[in-house]
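Engineer: So the sequence shown is numbered by this note's numbering: it starts at 6 and just counts up by one.
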Amino acid sequence: MDKKIGWLGYNSNNDRMGILNNMDLWADDWLHCGETFEVFLNDEWIADRLELSKGQWYLVYSKLEGDELEGLKVRY
């Protein structure tokens with residue numbers, strides 16, 4: 006099964022990170038801590054995991070956090 010491509014975005018309606026599709030609609034509007042997917046960084050796909058600490062969303066392996074996550078290309 007092919008993986009889908011999307012972009013991370015903050016959903017202010019539920020205070021969660023979500024994944025937007027290519028039409029800027031929520032493909033998944035409610036990500037949880039521990040969710041795994043791949044992020045596109047430096048022209049390569051890297052496996053990563055989403056976490057939340059002290060009200061700040063961050064990616065464990067790439068070390069990106071907060072506003073750095075907005076619009077980040079993901080494969081899930």
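C-beta atoms are modelled at their ideal positions from N, C-alpha and C, and glycine is treated no differently.
Which two residues bound the contiguous beta strand (DSSP E) that contains Y15?
Structural biologist: Element bounds for Y15: I10 to N16.
Engineer: Which residues in the same chain as N18 place their Cβ atom closer than 8 Å to its Cβ, once the five residues preceding and following it in sequence are excluded?
Structural biologist: The answer, listed in chain order, is D34.
Engineer: If you follow the beta strand (DSSP E) that Y81 is in, where does it begin and where does it stop?
Structural biologist: Element bounds for Y81: n/a, residue is neither H nor E.
Engineer: L64 and V44 look like a contact to me (Cβ under 8 Å); what is the Cβ gap, rounded to whole Å?
Structural biologist: Going by Cβ atoms, the distance from L64 to V44 rounds to 7 Å, so yes, they are a contact pair.
Engineer: Go through its chain and collect everything with a Cβ distance to L77's Cβ below 6 Å, but skip five positions before and after it.
Structural biologist: Correct list, in chain order: L13 and V44.
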